[in-house]
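Peer 1: Letter 7 of the sequence shown, counting from 1, is numbered -1 in this note's numbering, and no numbers are missing.
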Amino acid sequence: MQKIQTCIRKLKSSSFWLTFLDQLQTPEIFDRFLTVMGSEGKMQMVIYGIGSIESYEPPRLQLSLAILMKRMFSWIGEVEVFDPLISLAEFRVLTALDCSVLAINEQGR
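Okay, here's the thing in structure tokens:
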């Protein structure tokens, strides 16, 4: 949990996050999201094949981005994560971060 919290803080203070946030908040992009969502109201986010958030920084950064987006935007709903090799420790961290861990390999569908 400490590694992912550190990663979230690192990403939140990065120029990448600030630029990405500005881009997502433009009327053009926001309107496109609204069009895609239609009457749903919230967009589900699914992360397939995330990799080991315990062992590697790139998966932690990917998850951190999803978590920050969910915290920032009310139109982002549930975050679901799948990797065939998620450890018990990773499962616990993901659920503590309010992410759902998919049990069935949907083959990216």
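We treat Cβ as the ideally placed atom computed from N, Cα and C, and that holds for glycine.
Bear in mind that the values here come from a model prediction, so they are computed numbers and not experimental data.
Could you tell me which uninterrupted beta strand (DSSP E) segments, each at least 3 residues in length, are contained entirely in the region 5 to 66, listed from first to last along the chain?
Peer 2: 35 to 40
Peer 1: Strictly by DSSP, which residues pair up with Phe83?
Peer 2: The partner list for Phe83 (beta bridge, DSSP) is empty, contrary to what the question assumes.
Peer 1: State the beta-bridge partners of Ile68 as determined by DSSP.
Peer 2: Note: Ile68 sits in a beta bridge opposite Met35.
Peer 1: Could you say which of Glu49, Leu94, Pro19 lies nearest to Phe74 if we only look at CA atoms?
Peer 2: Leu94
Peer 1: Can you give the beta carbon distance from Gln36 to Gly69, rounded, assuming they're within the 8 Å contact cut?
Peer 2: 5 Å
Peer 1: Classify Ala81: buried if its beta carbon has 16 or more other beta carbons within 10 angstroms, exposed otherwise.
Peer 2: Flag for Ala81 reads exposed.
Peer 1: Drop a sphere of 10 angstroms on the beta-carbon of Val28, count the other beta-carbons inside from all chains shown, and report buried for 16 or more, exposed for fewer.
Peer 2: Flag for Val28 reads exposed.
Peer 1: Using 10 angstroms around the beta-carbon of Leu57, count the other beta-carbons present and answer buried if the total reaches 16, otherwise exposed.
Peer 2: buried
Peer 1: Tell me whether Lys34 is buried or exposed, calling it buried when 16 or more other Cβ atoms sit within 10 Å of its Cβ.
Peer 2: exposed
Peer 1: Rounded to a whole number of angstroms, what is the C-alpha to C-alpha distance between Ser31 and Phe25?
Peer 2: One C-alpha to the other measures close to 11 Å.
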